[in-house]
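Below is one structure, written out as structure tokens; comments come after it.
Protein chains: 4
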Amino acid sequence: MLIVMNHNATQADVDAISRIVAEMGFRAEPIPGSERTAIGVLGNHGYVDDTKILELPGVQRVLHVSKPYKLVSRDFHPEDTIVDVAGVKVGRGCRPVVVAGPCAVESEDQIITTALFVKSCGAVMLRGGAFKPRTGPHTFQGLREEGLKLLSKAGKESGLPIVTEVMSPDHVALLAEYADLLQIGARNMQNFDLLREVGRVRKPVLLKRGMSATVEEFLAAAEYILAEGNDQVILCERGIRTFETATRNTLDLSIVPLSKELSHLPIMVDPSHATGKRSLVAPMAKAALVSGADGVLIEVHPNPEKALSDGPQSLTFPGFKQLMSEIDSLTHFLGE
Amino acid sequence: MLIVMNHNATQADVDAISRIVAEMGFRAEPIPGSERTAIGVLGNHGYVDDTKILELPGVQRVLHVSKPYKLVSRDFHPEDTIVDVAGVKVGRGCRPVVVAGPCAVESEDQIITTALFVKSCGAVMLRGGAFKPRTGPHTFQGLREEGLKLLSKAGKESGLPIVTEVMSPDHVALLAEYADLLQIGARNMQNFDLLREVGRVRKPVLLKRGMSATVEEFLAAAEYILAEGNDQVILCERGIRTFETATRNTLDLSIVPLSKELSHLPIMVDPSHATGKRSLVAPMAKAALVSGADGVLIEVHPNPEKALSDGPQSLTFPGFKQLMSEIDSLTHFLGE
Amino acid sequence: MLIVMNHNATQADVDAISRIVAEMGFRAEPIPGSERTAIGVLGNHGYVDDTKILELPGVQRVLHVSKPYKLVSRDFHPEDTIVDVAGVKVGRGCRPVVVAGPCAVESEDQIITTALFVKSCGAVMLRGGAFKPRTGPHTFQGLREEGLKLLSKAGKESGLPIVTEVMSPDHVALLAEYADLLQIGARNMQNFDLLREVGRVRKPVLLKRGMSATVEEFLAAAEYILAEGNDQVILCERGIRTFETATRNTLDLSIVPLSKELSHLPIMVDPSHATGKRSLVAPMAKAALVSGADGVLIEVHPNPEKALSDGPQSLTFPGFKQLMSEIDSLTHFLGE
Amino acid sequence: MLIVMNHNATQADVDAISRIVAEMGFRAEPIPGSERTAIGVLGNHGYVDDTKILELPGVQRVLHVSKPYKLVSRDFHPEDTIVDVAGVKVGRGCRPVVVAGPCAVESEDQIITTALFVKSCGAVMLRGGAFKPRTGPHTFQGLREEGLKLLSKAGKESGLPIVTEVMSPDHVALLAEYADLLQIGARNMQNFDLLREVGRVRKPVLLKRGMSATVEEFLAAAEYILAEGNDQVILCERGIRTFETATRNTLDLSIVPLSKELSHLPIMVDPSHATGKRSLVAPMAKAALVSGADGVLIEVHPNPEKALSDGPQSLTFPGFKQLMSEIDSLTHFLGE
């Protein structure tokens, strides 16, 4: 439930309402806006009787929100959120960002070479997996903490903030020491304990959409993070599972403008995992930016044919350089 | 099966092979290229023994194609096909086209007003349904032949070629009298008798992807048309059916660059039917063009709220004008 | 819209309402029931003002039906429909039927041998394709009219009614000469001209669910047939398209009890096409019957490994005999 | 890779091979069978050269397994696994089990009443959620440890083993104190740290299929548990996500016979979550048993209309009693 105040309601009005909401057994979350304050009512299971509230001073109207998210919704928070990743700003009005790097950290040489190269082409963050979620237990699971150290070293040498995936609540503290942006992978989008845990640390989070998550479930997953007090969340579309097998997943680009209507959070797109096919990465990256995405994640590997995971979708160095030059022109065009 | 000839093979070599293929009970389709000729072998059910053929003069190699299409594949026909719709060229290297108009022809005033308006904004073809496929029998099914006449009149007054859907083999002749581009709707993508029938008339065809058709099935459907001798086929992505219900369908833009790898046929995108939501049409139209689409179909209606079908996805006149101005800049940027 | 009459309303009341509905520009379809009459209002596009009707003598209430089907709905027609296929009864309360035969008619020997064998095991109808819908144009498309003649001969020799697919409106008359039950295939579920045409002949119809058709769209497709005056329709679940590729399609058995709630039409299940895998046919056939299906369609071929289409899903003769013995026990158990 | 030994190979042969496999940097897992021993080779990334191994004494042949699972596959372990849940046996040849109870534990009265009732009707295990995964953070999340205590009390009073969901690796130890069967929910099917953790405790696990998990991914998830040494795993089909919205999910019953071909693990079916609709639960439960399922999970609630979660799919007490009587007859019929 959302209580919308008159534009001339006083702080005392807001406080009075918060008190009454608390007496009803719920939690009131005042959301100040440039024009008026709204008060989110959290903690209710189902419909709440609003008769008492409608009579209180300063109340304009009450919205019964049936959606499973409130804090992430634009109704509650009309202004765009800008996420700050170690100084790199992500969100509407900022220059679209390119996050690049290999699927997995494999060696010091591999990650440092890649970091320096993608930096030289204009990437502003470095990605690389240390803990890898893999379908079966008998394949490469990542270098784990050793991988984190290498990634961190590459970040320092290149000056790029680093992004890496956290898979378990009890790893969050460790990962938060190394990473500038904590990634929640698609398979963990509804790992609610993990979501709560990253909501409690003061690090920005990149939340990937689950393979079969609706837009509503995706935003509700982000709500878990915001509900713990962390509003530095970047959404990430990475393809959904459909009947089509010609591409690894089906990139659902419509979610970019749609999520911007429904939510104030920034959204990025990962065309590498979405398509699973090197030749489709560049056209889909550019299409994502034109549709309004705040950034793209691109897999780059010095020797894709030798990559321990996801080689067929990684760009080569020359391929990435070419794409960055095209993105640069496109960004200029869009920014004009 | 595809027989690839040496680049210095003679016409006599090709003829000899065609004769032998015919003796084997199959049909040979020579496909001359700029460098060499290939000969498609059609009519075989399953694998064909190629020993005899490999020994013939002029043969370089034999490809056993497991895909259910040959004539539409780029292997068979490496050069891009350019489709000519009453003078408007569609395909790689041509200026991307915008086809616009209402979902259904409703009245003379509606269709002529729309035609003149979209022409003034830069659209190069007029779309409008006369025969409408509808989920249930108790809703508006189109003005049928009366609608065709109105559409034709609007086409003449505006000078725009017209596009309209044909739903049944026995309507093909009638529709071909009026339309410059015959549309096969998503529900009829595997109506094989209809595909064969439009393959026999000398009119270009706009083939929409079925709601649950894989890329392979889509190209195989186009193959039915080409196999009858009509290679003037434009593919059209219009969204696939997935679990996501926030949009009407899920626009699968990756098919644009993918189909260009697999086939020589042009491809257009229909963001109106794909998204079903007015506010998503413009971003998706622009994303389609950046991903390499040869054109877009946009639904426009003078009074969307009063439309007899698909109102919520139709652009208003001002909305369309705005989009055309953005597309114009984008096309310039892409063409540079 | 559905007008429900009081149980003591007179025929004159019903006639008066029909007249007024006609004056409003709609069509009234009285639906007599054992307790009361209802009057379906057809031909309206959207909501109809019911003020005038509610005041008329004999009217109990008016239901505004938002579903795209009415004649097929159980609200309109609470009693189960029993379909009579040349003497074989299909529907609730009848013994579940087994329809068996090869995917395609290939030769006289093949179809007659199969017909006699499946008859001897207890099948009550013979299936076989003469006109085959195939993904690509270069594969076996059926023996066409020659196939119909062979099928008809096999039907006569075995004494089994025959079921075969009709793919085009202009073939309906021809097919209706030979077939006892006209099958509409999954790819043609929304070929509306074909649906209307089979609605006009006086032959029962087996309507297969489209690969990506919702239950609502499936029932709305059946509505096209009933709206033309033919209520002898059997629904058929044959698997839907999902992300899962371990089976050819995903058999959606829940539709069996669900369709019985929503509609009065019988429903059969085709586990052969649904699973595409011989070893899964028997367990799914039995599961279908337990879930309430009125019958099953089973593909049987004398030499599945040599079948021109769909060999991997066809049962062998011994496999079919074994299944029929299990079905026989199960049917006895269910009938007790 | 799987090394299949001759039936007269000695223990010394097996040991020698294990040693050599270890020298190659992999792990050997001998799998003794009634006829012969096989040795699974784990830890390899990709293809392993088998020349050396094929020459060793006692080796019959080497199978290169491309699937992401080995220990769960029937090739590795041809005999059916029987899982023992506090004395209740689950698997082929055992009497099919019925696990029943409410979606969530809500109060002492609710859970004890339900436990005693379902026991009296023939259920052999009690289910109930204490930690609940919910789409959004603002709805009832379960009574947590308090719920566990109530569930445990109900288990003791009724004499039924209890089943409850564990959502986080750090809760496994706590849950294992109370539960007889640890449930991994659909959203956590690829929470790999959680899978590993339940693999390390000596409690049987009920692994639910992810909403968009293929059969292969499902078995690969089970592999994580077996790879840690716990082979007491029961698979559970609970519906997959498709385009169909008439049911909550689409119950994929074909997986029952299919998983029995691919794996030695038992499989149960949850028709309550799959359909989300009370009236479909009984027909689907019976269909599951006929298709070969080793058991079913049924939601039962004393007052479904007042349930804090999933009320519409819970059976009432009379509804459950009726179903149990039908299942009892069916089980007798199937067991004959």
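Protein chains in written order, with the working numbering: chain A, 1 to 336; chain B, 1001 to 1336; chain C, 2001 to 2336; chain D, 3001 to 3336. Glycine residues also receive a C-beta, built at the ideal position from the N, C-alpha and C atoms.
>> So within the stretch 2095–2169 of chain C, which uninterrupted alpha helix (DSSP H) runs reach at least 4 residues, ignoring any that extend past its ends?
In response: 2108–2121 and 2145–2158
> Expressed to the nearest angstrom, what Euclidean distance is found between the alpha-carbon atoms of residue 2169 (chain C) and residue 2130 (chain C)?
Replying inline: Within the third sequence, the letter at position 169 stands for residue 2169 (chain C). Within the third sequence, the letter at position 130 stands for residue 2130 (chain C). Answer to the nearest angstrom: the Cα atoms are 16 Å apart.
> With DSSP run on the structure shown, which of helix, strand or coil describes residue 3271 (chain D)?
Replying inline: Stepping through the fourth sequence from its first residue, residue 3271 (chain D) is reached at position 271. Residue 3271 (chain D): helix per DSSP, three-state reduction.
>> Short of 7 Å Cβ to Cβ, which residues in the stretch 2124–2155 of chain C face chain B?
In response: 2133, 2135, 2136, 2137, 2138, 2139 and 2140
> Applying a beta-carbon distance threshold of less than 7 Å, which residues of chain C neighbour residue 1241 (chain B)?
Replying inline: Position 241 of the second sequence, counted from the first residue, corresponds to residue 1241 (chain B). Simply 2212.
>> Along the stretch 1284–1318 of chain B, where does the CB come closer than 8 Å to a CB of chain D? Name the residues.
In response: none
> When you compare only the Cα positions, how much space is there between residue 2024 (chain C) and residue 2051 (chain C)?
Replying inline: Looking up residue 2024 (chain C) in the third sequence gives position 24. Looking up residue 2051 (chain C) in the third sequence gives position 51. Looking at the two C-alpha atoms, the distance is approximately 12 Å.
>> Does the structure place the stretch 3227–3235 of chain D close enough to the stretch 3202–3217 of chain D that three or more beta carbon pairs sit under 8 Å?
In response: yes
> Are the C-beta of residue 2244 (chain C) and some C-beta of chain D separated by less than 9 Å?
Replying inline: Here residue 2244 (chain C) refers to the residue found at position 244 when the third sequence is read from its first residue. Yes, its Cβ sits closer than 9 Å to a Cβ of chain D.
>> Please report whether the beta-carbon of residue 187 (chain A) lies at a distance below 9 Å from any beta-carbon of chain D.
In response: Within the first sequence, residue 187 (chain A) is the residue found at index 187, counting from 1. With 9 Å as the cut-off, residue 187 (chain A) counts as an interface residue toward chain D.
> Whose C-beta lies closer than 6 Å to the C-beta of residue 1324 (chain B) among residues of the same chain, with five residues either side of it excluded?
Replying inline: Taking the second sequence and counting its residues from 1, the one referred to as residue 1324 (chain B) is at position 324. Same-chain partners within the cutoff: 1121 and 1122.
> Skipping 5 residues on each side, what residues in its chain have a beta carbon closer than 8 Å to that of residue 56 (chain A)?
Replying inline: Taking the first sequence and counting its residues from 1, one reaches residue 56 (chain A) at position 56. Around residue 56 (chain A), the same chain offers 13, 16, 17 and 20 as residues with beta carbons nearer than 8 Å, after the five sequence neighbours per side are excluded.
>> Strictly below 7 Å CB to CB, what residues from chain D border residue 2333 (chain C)?
In response: Position 333 of the third sequence, counted from the first residue, corresponds to residue 2333 (chain C). Identification of chain D residues near residue 2333 (chain C) by a Cβ-Cβ cut-off of 7 Å yields 3333, ordered along the chain.
>> Tell me which residues share the same chain as residue 2189 (chain C) and place their Cβ nearer than 6 Å to its Cβ, disregarding the 5 neighbours each side in the sequence.
In response: The residue labelled residue 2189 (chain C) in the question sits at position 189 within the third sequence. These residues qualify, in order along the chain: 2210, 2213 and 2221.
> For residue 1082 (chain B) and chain A, any beta-carbon pair shorter than 9 Å?
Replying inline: The residue labelled residue 1082 (chain B) in the question sits at position 82 within the second sequence. Output row for residue 1082 (chain B): interface = no.
>> Between which residues of its own chain and residue 218 (chain A) is the CB-CB distance below 6 Å, once the five residues before and five after are set aside?
In response: Numbered from its first residue, the first sequence carries residue 218 (chain A) at position 218. So the qualifying residues of the chain are 209.
> Should residue 3287 (chain D) and residue 2288 (chain C) be called a contact, given that it needs their Cβ atoms to be closer than 9 Å?
Replying inline: Counting from 1 along the fourth sequence, the entry for residue 3287 (chain D) is found at position 287. Counting from 1 along the third sequence, the entry for residue 2288 (chain C) is found at position 288. Yes, Cβ-Cβ distance for residue 3287 (chain D) and residue 2288 (chain C) is below 9 Å.
> What residues in the stretch 1164–1197 of chain B have a beta carbon less than 7 Å from any beta carbon of chain C?
Replying inline: Residues passing the 7 Å Cβ filter: 1167, 1168, 1169, 1170, 1187, 1188, 1190, 1191, 1192 and 1193.
> In its own chain, which residues sit with a C-beta less than 6 Å from the C-beta of residue 3204 (chain D), not counting the 5 before and 5 after it?
Replying inline: For the purposes of this step, residue 3204 (chain D) is taken as the residue at position 204 of the fourth sequence. Excluding residues within five positions, the ones whose Cβ falls inside 6 Å are 3083, 3085, 3181 and 3232.
> Less than 9 Å separating the beta-carbons of residue 1263 (chain B) and residue 284 (chain A)?
Replying inline: Locating residue 1263 (chain B) in the second sequence gives position 263, where the first residue counts as 1. Locating residue 284 (chain A) in the first sequence gives position 284, where the first residue counts as 1. No; because the gap between Cβ atoms is not below 9 Å, this pair is not in contact.
>> Taking contact to mean 3 or more Cβ pairs, one atom from each stretch, closer than 8 Å, check whether the stretch 3274–3284 of chain D and the stretch 2251–2262 of chain C are in contact.
In response: yes
> Using 9 Å as the limit for Cβ to Cβ distance, is residue 3107 (chain D) near chain C?
Replying inline: Along the fourth sequence, one-based indexing puts residue 3107 (chain D) at 107. Not an interface residue.
> If you draw a straight line from the alpha carbon of residue 10 (chain A) to that of residue 38 (chain A), how long is it in whole angstroms?
Replying inline: Position 10 of the first sequence, counting from 1, holds the residue named residue 10 (chain A). Position 38 of the first sequence, counting from 1, holds the residue named residue 38 (chain A). Residue 10 (chain A) and residue 38 (chain A): Cα-Cα distance of roughly 12 Å.
> In terms of residues, what are the limits of the beta strand (DSSP E) holding residue 84 (chain A)?
Replying inline: Stepping through the first sequence from its first residue, residue 84 (chain A) is reached at position 84. Counting along the chain, the beta strand (DSSP E) containing residue 84 (chain A) begins and ends at 83–85.
> Which stretch, first to last residue, makes up the beta strand (DSSP E) that contains residue 3037 (chain D)?
Replying inline: Numbered from 1 along the fourth sequence, position 37 holds the residue referred to as residue 3037 (chain D). Taken as a continuous stretch (DSSP letters only), the beta strand (DSSP E) holding residue 3037 (chain D) covers 3037–3042.
>> Can you confirm whether residue 258 (chain A), when its beta carbon is compared against all beta carbons of chain D, has any partner nearer than 9 Å?
In response: Walking along the first sequence from the start, residue 258 (chain A) turns up at place 258. No, its Cβ sits nowhere closer than 9 Å to a Cβ of chain D.
> In whole angstroms, what separates the C-alpha of residue 2142 (chain C) from that of residue 2194 (chain C)?
Replying inline: For the purposes of this step, residue 2142 (chain C) is identified with residue 142 of the third sequence, where counting begins at 1. For the purposes of this step, residue 2194 (chain C) is identified with residue 194 of the third sequence, where counting begins at 1. Distance between the alpha carbons of residue 2142 (chain C) and residue 2194 (chain C): 19 Å.
> Can you tell me where the beta strand (DSSP E) with residue 2295 (chain C) in it begins and where it stops?
Replying inline: The residue given as residue 2295 (chain C) occupies position 295 in the third sequence. Counting along the chain, residue 2295 (chain C) sits inside the beta strand (DSSP E) bounded by residues 2295–2299.
> Listed in chain order, which residues of the stretch 1200–1225 of chain B have Cβ atoms closer than 7 Å to some Cβ of chain C?
Replying inline: Of all residues in the stretch 1200–1225 of chain B, 1211, 1212, 1217, 1220, 1223 and 1224 have a Cβ within less than 7 Å of some Cβ in chain C.
> When DSSP labels each residue in this structure, what does residue 61 (chain A) get in the three-state scheme?
Replying inline: As a position in the first sequence, residue 61 (chain A) is number 61, starting the count at 1. Reduced to three states, the DSSP call for residue 61 (chain A) is strand.
> Looking only at C-alpha atoms, which of C:2090, C:2106 and C:2249 sits nearest to residue 2294 (chain C)?
Replying inline: Against the third sequence, residue 2294 (chain C) aligns to sequence position 294. Checking every option, the nearest Cα to that of residue 2294 (chain C) belongs to C:2090.
> If we ignore side chains and look at the alpha-carbon of each, how far apart do residue 2332 (chain C) and residue 2101 (chain C) end up?
Replying inline: Stepping through the third sequence from its first residue, residue 2332 (chain C) is reached at position 332. Stepping through the third sequence from its first residue, residue 2101 (chain C) is reached at position 101. Distance between the alpha carbons of residue 2332 (chain C) and residue 2101 (chain C) is about 23 Å.
> What is the C-beta distance between residue 1164 (chain B) and residue 1302 (chain B), in whole angstroms, given that I count them as a contact (C-beta under 8 Å)?
Replying inline: In the second sequence, residue 1164 (chain B) corresponds to position 164, counting from 1. In the second sequence, residue 1302 (chain B) corresponds to position 302, counting from 1. About 19 Å; that fails the 8 Å criterion.
>> Suppose you measure from the CA of residue 132 (chain A) to the CA of residue 3280 (chain D); what does that come to, to the nearest Å?
In response: For the purposes of this step, residue 132 (chain A) is identified with residue 132 of the first sequence, where counting begins at 1. For the purposes of this step, residue 3280 (chain D) is identified with residue 280 of the fourth sequence, where counting begins at 1. Taking the straight line from one Cα to the other gives about 40 Å.
>> I want to verify the contact list: residues of chain D whose CB lies under 9 Å from the CB of residue 2338 (chain C), in sequence order.
In response: Since the first and last residues shown for chain C are 2001 and 2336, residue 2338 (chain C) lies out of range.
> Just reading off the beta strand (DSSP E) that residue 2183 (chain C) is part of, what are its end residues?
Replying inline: As a working mapping, residue 2183 (chain C) is identified with position 183 in the third sequence. First-last of the beta strand (DSSP E) with residue 2183 (chain C): 2181–2184.
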